[in-house]
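J.: Dumping the structure here so I can ask a few things about it.
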Amino acid sequence: MATHNIDLFTETTCKQIATACAQIAVNTGGYKLTNYADAQAIVRMGYAPRYFHIGDQIVVEKETSMNATVGNSEGETPGITAASVDPDAFIAAVHTVHGGDYEFTFNGAEWHYNGAPVNLADYGISVTGTAVHGDEVIVHETAAKLYFDVIDIDKDTPSDPQFTHSLTLQLHDVYIDLQYCARQAAFAFAEGLAAGTYKFTVGAHPWVAGDVNKVLTFTLANDIAAGGQLVFNGSYNATLVGTTITAFASTTSTTAAETVTMIEGNTGTDLGTILRSKTDAINSIDRALLGSNNWLESAMRQYLNSDKAAGSVWTPQSVFDRPPTWAATTAGFLHGIDPDFVAVLGNVKKKTGLNTISDGGGTATHDEKVFLLSRSEVFMGDEYAGGEDTPYAYYKNYSDNQSASTGADKNRIKYRAGAAKYWWLRSPYAGTAHYVRLVGTSGAWDYIRATIANGVAPACCIV
Numbered sequence: 061m062a063t064h065n066i067d068l069f070t071e072t073t074c075k076q077i078a079t080a081c082a083q084i085a086v087n088t089g090g091y092k093l094t095n096y097a098d099a100q101a102i103v104r105m106g107y108a109p110r111y112f113h114i115g116d117q118i119v120v121e122k123e124t125s126m127n128a129t130v131g132n133s134e135g136e137t138p139g140i141t142a143a144s145v146d147p148d149a150f151i152a153a154v155h156t157v158h159g160g161d162y163e164f165t166f167n168g169a170e171w172h173y174n175g176a177p178v179n180l181a182d183y184g185i186s187v188t189g190t191a192v193h194g195d196e197v198i199v200h201e202t203a204a205k206l207y208f209d210v211i212d213i214d215k216d217t218p219s220d221p222q223f224t225h226s227l228t229l230q231l232h233d234v235y236i237d238l239q240y241c242a243r244q245a246a247f248a249f250a251e252g253l254a255a256g257t258y259k260f261t262v263g264a265h266p267w268v269a270g271d272v273n274k275v276l277t278f279t280l281a282n283d284i285a286a287g288g289q290l291v292f293n294g295s296y297n298a299t300l301v302g303t304t305i306t307a308f309a310s311t312t313s314t315t316a317a318e319t320v321t322m323i324e325g326n327t328g329t330d331l332g333t334i335l336r337s338k339t340d341a342i343n344s345i346d347r348a349l350l351g352s353n354n355w356l357e358s359a360m361r362q363y364l365n366s367d368k369a370a371g372s373v374w375t376p377q378s379v380f381d382r383p384p385t386w387a388a389t390t391a392g393f394l395h396g397i398d399p400d401f402v403a404v405l406g407n408v409k410k411k412t413g414l415n416t417i418s419d420g421g422g423t424a425t426h427d428e429k430v431f432l433l434s435r436s437e438v439f440m441g442d443e444y445a446g447g448e449d450t451p452y453a454y455y456k457n458y459s460d461n462q463s464a465s466t467g468a469d470k471n472r473i474k475y476r477a478g479a480a481k482y483w484w485l486r487s488p489y490a491g492t493a494h495y496v497r498l499v500g501t502s503g504a505w506d507y508i509r510a511t512i513a514n515g516v517a518p519a520c521c522i523v
């Protein structure tokens, strides 16, 4: 297929593109697309409604494992005895992800791949030994297939004003179960805190009314460094009296500097009152016990938009933030996904509610590349006056309900490993700082604390 500037495309050219035969979609109105760039060209020209239908699926591959083996095509003893491969470097070099074998051969003078001379290091390949004629390195890639449903056409507005069209996709099923946000710090100390005895007042407690107005005291044997935190350790629905509080040197530290017990008492330097609202130094007690439901600051949002390896995805978004349970073990959602697919995704304008307890209420408008859906978008009605964007056609047109409903809906049920799963929305439960809306196993609405791991069903847009 000849390459053209998209501005020069005609309707005839678009049809020629759309009738190409390499499969990236399970069903696109009877057409098979050559590559993701073809789909993007169709979207940008406004022809998506002619070639895509709500419920069509686009299949994307995501690398799950990769290794390298050696041999000799001439039947000789190989000169190289072992090989290894860096998956990230390899994917960047081949510009795609596709499960299968990739063969590199040595002709006695240089390595070749697909008939062209190459430098193995450019593909992240390292070998042990000196290559001889006929030596081979076979890279074995395993990839999962991700099935994205077309959930609407030209509904989402691109953030870049030079584009006006979009194709919105969402994973058909849950990809992974993850914590939305970790339990946050109760207190943050921009300038640090000296060793000594301290007290604070429990001004509110969503679950234990008996704690309200109690004064708790504790003694630190060591200074807390500038940027350090104090984090509660007790159960969210039990008294704070007699539980412990832990000092951390920073938002990213996972090693406790000191853990001490809190008891009732009116001695020590006053740190202030912890409420359901927050200040610069004292967090909402909701978030200090059960994490934050603020989508824009969430660990979940970082996961969805990251292509980084495990350990490099999460960074603190506030002075109270703490590492999620998956921070050290889980790569970003975009890590290992076919780069040709990622290249056609664009930012779109979204609206998300802010809770009325600590964030002031109302909705925020922001740009999103990979995102969770909102309560409004899955045809559940509005958490806020005016809603968080209108329902997607996929959820409205094929709902069991005639009007927006929080009740059961088979069309909203998503699975993982054959089991129906709860899956996160990005909407907060407006009257709390810690509960996040989600879809239950019957397709009905629900909510749960941010610290729990639930299903993730990402959405994105070809723009």
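All you need for the working numbering is the position in the sequence shown, starting with 1, plus 60.
Where is the CB? At the ideal position from N, CA and C, for every residue including glycine.
Which word fits T165, buried or exposed, when buried means at least 16 other C-beta atoms lie within 10 angstroms of its C-beta?
T.: For the purposes of this step, residue 165 is taken as the residue at position 105 of the sequence shown. Buried, since its Cβ has 16 or more Cβ neighbours within 10 Å.
J.: Keeping to the same chain, check which residues put their C-beta closer than 8 angstroms to that of N353; ignore five residues upstream and five downstream.
T.: Working through the sequence shown from its first residue, we reach residue 353 at position 293. Y240, C241, N415, P488, Y489, T492, A493, H494, Y495, V496, A510, listed in sequence order.
J.: Among G294, H395, T94, D271, whose alpha-carbon lies nearest the alpha-carbon of A149?
T.: Numbered from 1 along the sequence shown, position 89 holds the residue referred to as residue 149. That would be H395, whose Cα lies nearest to the Cα of A149.
J.: Is the beta carbon of L227 sitting closer than 8 angstroms to the one on I213?
T.: Translated into positions along the sequence shown, residue 227 becomes position 167. Translated into positions along the sequence shown, residue 213 becomes position 153. Result yes, Cβ atoms of L227 and I213 sit closer than 8 angstroms.
J.: Tell me the rounded alpha-carbon separation between Y173 and V199.
T.: What you label residue 173 is simply residue 113 of the sequence shown in a count that begins at 1. What you label residue 199 is simply residue 139 of the sequence shown in a count that begins at 1. Going from the Cα of Y173 to the Cα of V199 covers about 11 angstroms.
J.: Could you pull the DSSP bridge partners for N127 from this structure?
T.: On the sequence shown, residue 127 is found 67 positions in, with the first residue counted as 1. Partner(s): H200.
J.: Assuming L364 is part of the alpha helix (DSSP H), what are its boundary residues?
T.: Residue mapping note: residue 364 aligns to position 304 of the sequence shown, counting from 1. L364 -> alpha helix (DSSP H) spans 359-365.
J.: Could you spell out where the alpha helix (DSSP H) holding F401 opens and where it closes?
T.: On the sequence shown, residue 401 is found 341 positions in, with the first residue counted as 1. Taken as a continuous stretch (DSSP letters only), the alpha helix (DSSP H) holding F401 covers 399-402.
J.: Go ahead and pull the three-state DSSP assignment for T511.
T.: What you label residue 511 is simply residue 451 of the sequence shown in a count that begins at 1. Residue state, collapsed to three classes: coil.
J.: Which residues in the same chain have their Cβ closer than 6 angstroms to the Cβ of L253, if we skip the five residues on either side of it in sequence?
T.: By one-based count along the sequence shown, residue 253 stands at place 193. Around L253: I284.
J.: Whose CA, out of T321, A203, D216, lies closest to the CA of R104?
T.: As a working note, residue 104 is residue 44 in the sequence shown. Comparing Cα positions, the closest option is D216.
J.: Going by DSSP, what residue range makes up the alpha helix (DSSP H) through P488?
T.: Residue mapping note: residue 488 aligns to position 428 of the sequence shown, counting from 1. It is not in any alpha helix (DSSP H) - P488 instead sits in the beta strand (DSSP E) that spans 483-488.
J.: Could you tell me which uninterrupted beta strand (DSSP E) segments, each at least 3 residues in length, are contained entirely in the region 201-255, listed from first to last along the chain?
T.: Fully enclosed beta strand (DSSP E) runs of 3 or longer: 227-231, 236-239, 247-249.
J.: Could you say which of Y235, S366, G175 lies nearest to W483 if we only look at CA atoms?
T.: For the purposes of this step, residue 483 is taken as residue 423 along the sequence shown, with counting starting at 1. Nearest option by C-alpha distance: Y235.
J.: Reducing DSSP to helix, strand and coil, say where E437 ends up.
T.: The residue given as residue 437 occupies position 377 in the sequence shown. Correct three-state label for E437: helix.
J.: Measuring alpha carbon to alpha carbon, tell me which of R361, E123, Y475 ends up nearest V519.
T.: Position 459 of the sequence shown, counted from the start, is the residue given in the question as residue 519. Checking the displayed sequence, the identity of residue 519 turns out to be Ala instead of Val. Cα-wise, what sits closest to A519 is R361.
J.: Can you list, in chain order, the residues of its chain with a C-beta nearer than 8 angstroms to that of V583? Leave out the 5 residues immediately preceding and following it.
T.: With the chain covering 61 to 523 only, the question about residue 583 has no answer from this structure.
J.: Below 8 angstroms on the Cβ atoms is my guess for I323 versus V291; work out the distance and round it to an integer in Å.
T.: What you label residue 323 is simply residue 263 of the sequence shown in a count that begins at 1. What you label residue 291 is simply residue 231 of the sequence shown in a count that begins at 1. With 8 angstroms as the limit, I323 and V291 do not qualify as a contact, their Cβ atoms being about 18 angstroms apart.
J.: If you draw a straight line from the C-alpha of A480 to the C-alpha of N457, how long is it?
T.: Here the question's residue 480 lines up with position 420 in the sequence shown. Here the question's residue 457 lines up with position 397 in the sequence shown. Roughly 22 angstroms between the two C-alpha positions.
J.: If you draw a straight line from the alpha carbon of D427 to that of A169, how long is it in whole angstroms?
T.: The residue labelled residue 427 in the question sits at position 367 within the sequence shown. The residue labelled residue 169 in the question sits at position 109 within the sequence shown. Approximately 51 angstroms, taken between the alpha carbons.
J.: Is it buried or exposed, T70, if we count other Cβ atoms within 10 angstroms and call 16 or more buried?
T.: In the sequence shown, residue 70 corresponds to position 10, counting from 1. With a pLDDT of 30 at T70, under the threshold of 50, the modelled position of this residue cannot be trusted; read the value that follows with caution. Result: exposed.
J.: Who are the Cβ neighbours of N87 in its own chain at under 7 angstroms, not counting the five residues just before and after it?
T.: Position 27 of the sequence shown holds residue 87. Confidence is the limiting factor: at N87 the pLDDT is only 45, short of 50, which leaves the residue's position unreliable, though a coordinate-based value still follows. Around N87: D116, Q117.
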